[in-house]
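Numbering (the numbering used here), first residue to last: 39 to 163. A quick write-up on the structure given underneath.
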């Protein structure tokens, strides 16, 4: 299994884990008791890095948009009364900020690596 495929597999696992944890009525506590926003930032930064590595040909802004849409989906599902969860705009904002920083950061790193090698295709706009 090559590196991109491994990252894709890890991405889908992380995506599923993030969704399940976000919609469980009583999610388990996390060691260190991080804040809700910290958990959102960590989850979406991880998804952004894994997605960037798993699909290196995908434009960073497309992955960013998909991750923001996923964050929106989570917040919509959390509106289901029987889940006992609360949808919050600030959670979606944290998701999108982490997605932007991780996907944009990975694109910048990729751009710099290509530029250092003097290769074509250094633009990822």
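Built from N, CA and C at the ideal position, the CB exists for glycine as well. Quick caveat: nothing in here was measured; it's all calculated off a predicted structure.
DSSP three-state assignment for residue i, whether helix, strand or coil
| i | result |
| --- | --- |
| residue 118 | coil |
| residue 132 | helix |
| residue 89 | helix |
| residue 58 | helix |
| residue 40 | coil |
| residue 141 | helix |
| residue 124 | coil |
| residue 48 | helix |
Local Cβ density within 10 Å of residue i, reported as buried at 16 or more and exposed below that
| i | result |
| --- | --- |
| residue 141 | buried |
| residue 163 | No answer about residue 163 holds up, because its pLDDT of 49 lies below 50 and its placement is not dependable. |
| residue 87 | buried |
| residue 147 | exposed |
| residue 118 | exposed |
Rounded Cβ spacing between residue i and residue j (contact assumed at less than 8 Å)
| i | j | result |
| --- | --- | --- |
| residue 63 | residue 121 | 5 Å |
| residue 60 | residue 116 | 7 Å |
| residue 94 | residue 56 | Actually they are not in contact, since the Cβ atoms of residue 94 and residue 56 sit about 22 Å apart, beyond 8 Å. |
Chain-order list of residues whose beta-carbon lies under 6 Å from that of residue i (same chain, five-residue window excluded)
| i | result |
| --- | --- |
| residue 89 | 49, 101 |
| residue 78 | 129, 132, 133 |
Residues near residue i in its chain [Cβ-Cβ closer than 8 Å; skip 5 each side]
| i | result |
| --- | --- |
| residue 139 | 83, 86 |
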